[in-house]
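According to numbering that gives the first Met the number 0, the sequence shown is numbered sequentially starting from 0.
Ideal placement from N, C-alpha and C gives every residue a C-beta, glycine not left out.
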Amino acid sequence: MTISAYYFCFVGILKREMYRFVQQRSRFLSSLVRPLLWLAVFAAGFRSALGISIIPPYETYITYEVYIAPGLIGIILLFNGMQSSLSMVYDREMGSMRVLLTSPIPRAYLLVCKLLATSLVSLFQVYAFIAIARLFDITPPLLGYVYLLPAALLPALMLSALGLFLSSVIRQLENFAGVMNFIVFPMFFLSSALYPLWKMRESNELIYQICALNPFTHGVELIRFALYGQFNTQAFVVCATTTAAFMALAIFGYDPKHGLLKRKAGGG
0 MTISAYYFCF VGILKREMYR FVQQRSRFLS SLVRPLLWLA VFAAGFRSAL
50 GISIIPPYET YITYEVYIAP GLIGIILLFN GMQSSLSMVY DREMGSMRVL
100 LTSPIPRAYL LVCKLLATSL VSLFQVYAFI AIARLFDITP PLLGYVYLLP
150 AALLPALMLS ALGLFLSSVI RQLENFAGVM NFIVFPMFFL SSALYPLWKM
200 RESNELIYQI CALNPFTHGV ELIRFALYGQ FNTQAFVVCA TTTAAFMALA
250 IFGYDPKHGL LKRKAGGG
């Protein structure tokens with residue numbers, strides 16, 4: 000296979016994801032409505048109850064809306080990653096994914112292309128949200144919008160890799176909704192998206208430890224620091240290693256030999 004074949008393969012998958020994104024306008028609107036609703040309603044209700052002290056990367060006291068903005072970016076990436084896994088389950092049932100995986104291009108490369116294309120589509124939603132968020136006085140430094148690009152791409156890759164792994168495990172479309180809720184809401188609520196970890200530690204040490212181990216927490220913190228021109232090394236390392244682990248699991252799950260073993264084990 001030539002380099003141009005790999006290039007056109009990636010471009011083809013990216014165009015397919017972009018076309019699907021453009022056609023599904025309701026998906027784009029729902030990805031914005033959900034975090035904006037949290038920002039307008041949830042933040043207003045908790046503004047007085049949850050005061051935010053001066054914590055890195057902030058250099059002064061901030062409003063609650065400013066604090067939860069990175070977490071709401073994270074939930075856009077999280078739901079988009081789960082939506083991508085849903086589309087993978089659907090494509091596998093309808094046969095289009097089966098055709099794609101039988102191409103001469105290595106299967107691992109195809110999955111990486113799918114992962115990267117899904118993540119790039121997520122970034123359009125992220126920047127649309129952060130632009131609207133300026134109406135709520137969420138105005139990070141201008142360079143923060145530049146640093147946000149790579150900082151949001153890595154968590155997007157991580158969460159899409161998780162979704163890709165789930166799509167290799169979930170065999171039926173109707174089983175997906177329950178599994179998605181079981182994954183999405185614990186990851187979101189047991190993180191630093193809505194409240195600082197030090198507040199969690201004050202109330203419950205066990206929950207704090209769970210939040211600290213949650214990879215979604217580190218994705219949110221990587222975005223939070225990047226918006227203010229800072230680099231969180233620990234968050235980057237955790238996100239990078241978790242992405243590699245989820246991707247390896249997804250490639251293993253889509254391995255035809257592994258699938259054959261699963262069918263045999265199930266008596267099929």
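Minimum C-alpha distance to residue i - residue among the options
i, options, result
"Ile-67", "Trp-37, Val-111, Ala-225 and Trp-197", "Trp-37"
"Ala-247", "Leu-165, Phe-230 and Met-17", "Leu-165"
"Thr-242", "Met-157, Val-145 and Ile-72", "Met-157"
"Ala-269", "Ser-202, Ala-160 and Asn-180", "Since the first and last residues shown for the chain are 0 and 267, residue 269 lies out of range."
"Arg-19", "Val-40, Ala-211, Ala-4 and Asn-79", "Asn-79"
"Ala-151", "Ala-42, Met-199, His-217 and Pro-185", "His-217"
"Phe-184", "Ala-39, Leu-77 and Tyr-108", "Leu-77"
"Pro-139", "Gly-252, Ser-191, Val-21 and Gln-229", "Gln-229"
"Gly-70", "Val-237, Ser-191 and Pro-56", "Ser-191"
"Ala-116", "Ile-104, Gln-23 and Ala-155", "Ala-155"
"Ala-4", "Ile-104, Tyr-253 and Phe-45", "Ile-104"
"Asn-213", "Tyr-227, Arg-223, Val-237 and Thr-232", "Val-237"
"Tyr-253", "Met-87, Leu-35, Cys-210 and Val-21", "Met-87"
"Val-125", "Ala-249, Asn-231 and Val-219", "Val-219"
"Phe-251", "Ser-167, Thr-62, Glu-64 and Leu-31", "Ser-167"
"Ile-75", "Glu-64, Leu-35, Leu-109 and Val-178", "Leu-35"
"Leu-141", "Gln-22, Phe-45, Val-21 and Tyr-227", "Tyr-227"
"Arg-223", "Leu-31, Val-21, Ile-137 and Tyr-108", "Ile-137"
Chain D within 8 angstroms of residue i, Cβ atoms only
i, result
"Phe-181", "Any reference to chain D falls outside this structure, which holds one protein chain only."
Local Cβ density within 10 Å of residue i, reported as buried at 16 or more and exposed below that
i, result
"Arg-133", "exposed"
"Ile-2", "exposed"
"Lys-113", "buried"
"Glu-16", "buried"
"Ser-84", "buried"
"Tyr-60", "exposed"
"Ala-264", "Only weak support is given to the placement of Ala-264: the predicted model assigns it a pLDDT of 41, under 50, and the value that follows is read from those uncertain coordinates. With fewer than 16 other Cβ atoms within 10 Å, it is exposed."
"Ser-29", "exposed"
"Pro-149", "exposed"
"Phe-215", "buried"
"Ala-39", "exposed"
"Ser-25", "exposed"
"Leu-205", "exposed"
"Val-65", "buried"
Residue i to residue j span [Cα, whole Å]
i, j, result
"Gln-208", "Arg-106", "37 angstroms"
"Phe-187", "Leu-163", "18 angstroms"
"Tyr-146", "Ala-225", "5 angstroms"
"Phe-7", "Leu-13", "10 angstroms"
"Ala-42", "Phe-181", "24 angstroms"
"Ile-129", "Ala-239", "24 angstroms"
"Phe-27", "Ser-102", "30 angstroms"
"Ala-127", "Gln-82", "18 angstroms"
"Arg-262", "Ile-169", "Model confidence at Arg-262 stands at a pLDDT of 44, short of 50, so the residue's coordinates are unreliable; what they give is reported in the following sentence. Distance between the alpha carbons of Arg-262 and Ile-169 is about 13 angstroms."
"Leu-153", "Asn-203", "30 angstroms"
"Gly-73", "Val-10", "26 angstroms"
"Leu-259", "Val-111", "Confidence at Leu-259 is low in this model, with a pLDDT of 38, below 50, so its placement is unreliable and no value can be given for it."
"Arg-33", "Ile-131", "13 angstroms"
"Ala-234", "Ile-54", "16 angstroms"
"Tyr-144", "Phe-135", "16 angstroms"
"Asn-231", "Glu-58", "16 angstroms"
"Ala-211", "Glu-201", "14 angstroms"
"Val-21", "Met-179", "23 angstroms"
"Tyr-63", "Leu-189", "18 angstroms"
"Gln-23", "Leu-31", "13 angstroms"
"Phe-268", "Met-199", "Lying outside 0 to 267, the shown extent of the chain, residue 268 is not represented and no answer is given."
"Ala-249", "Pro-56", "34 angstroms"
"Tyr-108", "Leu-221", "27 angstroms"
With three or more beta-carbon pairs closer than 8 angstroms as the criterion, would you say the region 186 to 197 touches the region 113 to 132? no
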